[in-house]
Structures are given as structure tokens and as C-alpha cells.
Amino acid sequence: MLKSLFGNLVIQKVLDLSYSRIQSLPEQLQELSNLEILNLSFCEELAMLSDSFGCFWNLRELNLQHSAIQSLPESFGELSNLEVLNMSYCDKLSMLSDSFGGLINLKMLNLSYCEKLVVLSGSFGGLRNLRVLNLQHSGIQSLPESFGELSNLEILNLRNCDKLSELLDPFGSLTNLWDLTLQGSGIHSLPESFGELSNLKVLNLSYCDKLSELTDSFGSLTNLWDLTLQGAGIQRLPMSFGELSNLEVLNLSYCDKLSELSDSFGSLTNLCDLKLQCSGIQKLPESIGELISLEVLNLPENLTWIPHSFGDLRNLRNLILRGTGIQSLPSESFEEPSNLEVLDLPIDLISLPHSFGSLINLSHLDLANFGIQSLPESFAKLRSLEVLNLSNCDKLVMLPHSFGGMRNLRDLTLRGTGIKSLPESFGELINLEVLDLPRSLLSLPQSFGGLVKLRHLNLAYFRITSLPDSFGELSNLQELDLHWCLDLNALPQAFTQLKNLRKLDLQHCPAISSFESFQHLMPDDCEVNL
Numbered sequence: 001m002l003k004s005l006f007g008n009l010v011i012q013k014v015l016d017l018s019y020s021r022i023q024s025l026p027e028q029l030q031e032l033s034n035l036e037i038l039n040l041s042f043c044e045e046l047a048m049l050s051d052s053f054g055c056f057w058n059l060r061e062l063n064l065q066h067s068a069i070q071s072l073p074e075s076f077g078e079l080s081n082l083e084v085l086n087m088s089y090c091d092k093l094s095m096l097s098d099s100f101g102g103l104i105n106l107k108m109l110n111l112s113y114c115e116k117l118v119v120l121s122g123s124f125g126g127l128r129n130l131r132v133l134n135l136q137h138s139g140i141q142s143l144p145e146s147f148g149e150l151s152n153l154e155i156l157n158l159r160n161c162d163k164l165s166e167l168l169d170p171f172g173s174l175t176n177l178w179d180l181t182l183q184g185s186g187i188h189s190l191p192e193s194f195g196e197l198s199n200l201k202v203l204n205l206s207y208c209d210k211l212s213e214l215t216d217s218f219g220s221l222t223n224l225w226d227l228t229l230q231g232a233g234i235q236r237l238p239m240s241f242g243e244l245s246n247l248e249v250l251n252l253s254y255c256d257k258l259s260e261l262s263d264s265f266g267s268l269t270n271l272c273d274l275k276l277q278c279s280g281i282q283k284l285p286e287s288i289g290e291l292i293s294l295e296v297l298n299l300p301e302n303l304t305w306i307p308h309s310f311g312d313l314r315n316l317r318n319l320i321l322r323g324t325g326i327q328s329l330p331s332e333s334f335e336e337p338s339n340l341e342v343l344d345l346p347i348d349l350i351s352l353p354h355s356f357g358s359l360i361n362l363s364h365l366d367l368a369n370f371g372i373q374s375l376p377e378s379f380a381k382l383r384s385l386e387v388l389n390l391s392n393c394d395k396l397v398m399l400p401h402s403f404g405g406m407r408n409l410r411d412l413t414l415r416g417t418g419i420k421s422l423p424e425s426f427g428e429l430i431n432l433e434v435l436d437l438p439r440s441l442l443s444l445p446q447s448f449g450g451l452v453k454l455r456h457l458n459l460a461y462f463r464i465t466s467l468p469d470s471f472g473e474l475s476n477l478q479e480l481d482l483h484w485c486l487d488l489n490a491l492p493q494a495f496t497q498l499k500n501l502r503k504l505d506l507q508h509c510p511a512i513s514s515f516e517s518f519q520h521l522m523p524d525d526c527e528v529n530l
């Protein structure tokens, strides 16, 4: 039936036989002389193409993905108009025809996950118009000498080609290449010609654990702007590294054999994003302060101090120090107003510099479980701070008098601190919505009623003896838990002003007796547990 069908479709331009169970293509298929797109994907019983397959001169796109193809006929190279070829997951494909280089108009070739394909044909360099080549997770062991003749190649993916151990010197002739992925490949060195890839912009060498160094010509990649070396075996960076004048993103995370950065590192003045989470680096060069464009910085875990020049990083927005061994921050680093918005500090930190308040753009700060004993008076200058977590800072016994100056604070956690009283300015936190207080607290300030946006308040098991008269001004308070407040003997008359209160728990609280005298004045829909 298929045979008769093909004979009647001589003008057919698109043919989709995907997921069919065909074992071979009928001869009548040759009559489709106008065929431009042929889809044979997931034809899992199709093991070969006929010798006459090259007669489809008008074919532009061919999809053989997930087919059982083992090899290609010699006539395959006659498909001179073919532009797109997808042979990904052809796990039985072991070789390409010698004529493969005849596909002179091929622009995109996908050979990913062709695990039995160990070599490319010697004629491969004839694909002069090839723009995109995907060899990811293939069995490729080497690239042919002619590979450097792919003068129009722009994107090359060799990810997880773990049998590929080297790139030949002609590789540098790929002068139009701008995106190269070698992640997880088996390469142990880069050819000296690598620096001739003058248009390379994105390079991924992550988890190339056999790659111990970069070629000295590496600094010639002056158009490179994104470099990933995460988990690579790099032991040092070449002296020319500082010449990567357009580099914007650099990932050196888990390069645990890398022990130092040279002073030339500061020459990367366009660097915006730097990840240095590698255990081998114990100190930073003073020149790091010259990275004037740096916005995001993750630092190594064995770092115990940061240089004074750190304060010159005026454009830094995101700083990750968590996991480092840093115990103190140089005050000079925070003397000038900063653009820092996100700061993740190391848990070993025992103090904050007196100039910490210069971080005027900081919006979130997590100091949970830190050993800090006090906050600097300048802390209140963090006018953009919205979320502050001080939970389990058990050595922190007081807040600065000016704490209420952080008018944009929305979420504050003080649970587990040693704080016994709050400063009178606390009521100035007019935007505070979420508040988690420590059980060590013995009293609330008279200004507490100024927290007009507070919705939930849990004082269960607290040792407070009274509530301030301003308590009734908490106009948005919806839930209040006072159960087991054994030292609280009375509630203020202003309590009846809590018109939005919907849930009140007074179980095992002596203040029940005073509440009963004005309970009838409380909102009707307020659920009370006595």
C-alpha cells in the first residue's frame, strides 16, 4: 500500500513517516523528486537507507532521530541541498560515509548520543556551510584533520564526549566559532592555536577534570564574555588571563586544584559575575578591588579574610560569603554607600563593622545562628532592608537604640536571641507585618502600638508582666496568642480597640479575669480560647 501511495505523490514536498515500523524505504519513494522535508524519526526498525537515497536533490531537512540506522550509503553525499540533518540517538550508527563532506549546504547537524560513532569521515571538513554541530554524548575519540576547514561553524557542542582526549592544532582555524561546549569531555590540553578563535564568546570547560592548564595563548580570546571552568582540573591560570578584556561571566566553582589568582586578575574590568567557590584558594589578590564592573561574587570556602580593596567594588549587588571562614569584615570595605542588595554572610562571623549601615540598598539579611554579640549603631541606616533574620543569635542581648529607623522592614525574626527588651524606637517600624519575638523578652515598649501593619503576634509562654497602653493601636492585628503567659495579670482597656482581631488565645493566662470584664466589647467574630 505504501508503494502505491508514494507513486501518486510525485509533487509531495513534506513526508512524515515518524514512529512507523518500516524496515526499508520502497523504491517508489525515489519518484518524490520534489521532496524537501522527510521525517523518519523513531523508525526503530529502519536499519539502512538504499544506495539510491542520494537522488533526493531537493531535500532540505532530514530527521533520522531515534532510528536504527547503522551507516549511511555513499550516495548520501549527493544531497547537495540538505540544510538540516538530525541523527541524534541513532545508537547503532558507527560510521559516516566517505562522501559525507559532499553535503555542501548543510547548516545544522545533530549527532548527539550516537555512542557507537567514534570517528568522523575524513571528508568532514567539506561541510563549509555548517553553522551548528552537536556531538554531545557521542563516542567520538578524535576530530579529523579537516575539522579546521569548517570555516562557518558557529556553535559546537562536545559535552560529555569523554573519549575525546585532545583537539588538534587546526582547531584554531574555526574563526567564526562563538559558542563552544566541552563540558565533561576527556580533553587534557588545549592546542596553542586555541587563542586564534577570535570570535569565541561562550566557552564551557566545566568538569574537564583532566584539563590541568589553559594554553598561554588563552588571553587572545578577547571577545570571550562567558567562561565556565566549574569542576575542571585547572591548577593555574595563564599570565595572559588578565587580557580577556571583554569577559563578563566567570565560573571557577569547584576548581579545587586552583590555589591562587594572580594580580593580573584585576585587569578583568568588564567582569560582572564571578563564582570562586573552590577550596584551594585561601586568599584574594589586592587587585580584586579593580573589578569595577563586578555585580555578583561568590567566594571560596577556605577564605579567612578579604583585602581592604574590597570596598572599591562599588557596583557589587550580590555577595555570597556563606561557607567561608571569614570572622570579621574590614570596616574600610563599607565606608562608602554601596549598591549591595543581597548579602549572604559566613556563619563564623562574630561582629559587623561599624560602617555596616552604608549598605543602603540591602533588602534581605540572614544572620540566623550567628555568634554576633551586638549590632552597630549604623545598622538603622539600612533603609532598604525588608527582611531581617536574627534567629538563634543567642549572644545578641540588645538592639541599637536607633533600630526603628529601618522603616521599610516587613519581616523580622528575633526568635532564639537573648534580647530582654526592645528599644523605644521599635514602634517606628511602621511597615512591619511579620514579627517573631524571643521568649527572653520581659517587656514591650510603650511605642509598640506603632506597628500598625502587624497582623500576627505570638507571645505564648513569654514572661512579660504587662502590655503597653498603645497596644490597642495595632489596628491590623488579626491573631494574638497569649497562652501560658503566667506573669501577665491584666490586659489594658485599650484592648477593645483591636477591631480586626479574629483569634485570641488566653489559655492558662491570669489576664483572663480582666478580659472577661470587657469581653462583650470585642468584635463578635473574634474566636476566643480561654
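Residues in the sequence shown are numbered from 1 upward in steps of one, following full-length UniProt numbering.
Ideal Cβ placement from N, Cα and C applies to all residues, glycine included.
What residue does the alpha helix (DSSP H) around residue i start on, and which one ends it?
i           : result
residue 295 : First-last for residue 295: undefined, no H or E at that position.
residue 516 : 512 to 516
How many whole angstroms separate the CB atoms of residue i and residue j, which I take to be in contact at a CB cut-off of 8 Å?
i           : j           : result
residue 140 : residue 164 : 5 Å
residue 269 : residue 290 : 7 Å
residue 240 : residue 218 : 6 Å
residue 419 : residue 397 : 6 Å
residue 32  : residue 15  : 7 Å
residue 491 : residue 477 : So it is not a contact: roughly 13 Å between Cβ atoms.
residue 192 : residue 215 : 5 Å
residue 91  : residue 116 : 6 Å
residue 95  : residue 71  : 5 Å
residue 237 : residue 203 : At roughly 14 Å, the Cβ-Cβ gap does not stay under 8 Å, so residue 237 and residue 203 are not in contact.
residue 430 : residue 407 : 6 Å
residue 13  : residue 29  : Contact flag wrong, Cβ pair sits at about 14 Å.
Could you spell out the range, first to last residue, of the beta strand (DSSP E) harbouring residue i?
i           : result
residue 37  : 37 to 39
residue 479 : 479 to 481
residue 347 : Note, residue 347: premise wrong, no beta strand (DSSP E); not H, not E.
residue 181 : 179 to 181
residue 456 : 456 to 458
List the residues that DSSP assigns as beta-bridge partners of residue i.
i           : result
residue 132 : 108 and 155
residue 465 : Answer is none; residue 465 lacks a bridge partner.
residue 320 : 298 and 344
residue 528 : 504
residue 275 : 251 and 298
If we call anything under 8 Å between Cβ atoms a contact, is residue i one with residue j?
i           : j           : result
residue 249 : residue 278 : no
residue 320 : residue 349 : no
residue 532 : residue 25  : For residue 532 there is no data in the structure shown, the boundaries of the chain being 1 and 530.
residue 544 : residue 354 : Missing from the structure shown is residue 544; the chain here goes from 1 to 530 and no further.
residue 244 : residue 276 : no
residue 445 : residue 414 : no
residue 460 : residue 488 : no
residue 357 : residue 376 : yes
residue 78  : residue 54  : yes
residue 123 : residue 148 : no
residue 206 : residue 183 : yes
residue 246 : residue 261 : no
residue 471 : residue 494 : yes
residue 167 : residue 133 : no
residue 121 : residue 138 : no
residue 128 : residue 154 : no
residue 104 : residue 80  : yes
residue 326 : residue 307 : no
residue 531 : residue 347 : Since the first residue of the chain shown is 1 and the last is 530, residue 531 is not available in this structure.
residue 233 : residue 208 : yes
residue 178 : residue 150 : no
residue 361 : residue 343 : no
residue 500 : residue 481 : no
_I'd like the ranges of any beta strand (DSSP E) spanning at least 3 consecutive residues and lying wholly in the segment 87 to 118._
For the beta strand (DSSP E) assignment, the uninterrupted runs of no fewer than 3 residues enclosed by the segment 87 to 118 are, from N- to C-terminal side, 108 to 110.
*Counting only runs that start and end within the segment 202 to 273, where is the beta strand (DSSP E) found for 3 or more residues in a row?*
202 to 204, 226 to 228 and 249 to 251
*asked:* If we require 3 or more residues per run, which beta strand (DSSP E) segments fall completely within the segment 352 to 436?
replied: 364 to 366, 387 to 389, 411 to 413 and 434 to 436
_3-residue-minimum beta strand (DSSP E) runs that sit fully inside the segment 12 to 84, ordered along the chain_ = 14 to 16, 37 to 39 and 61 to 63
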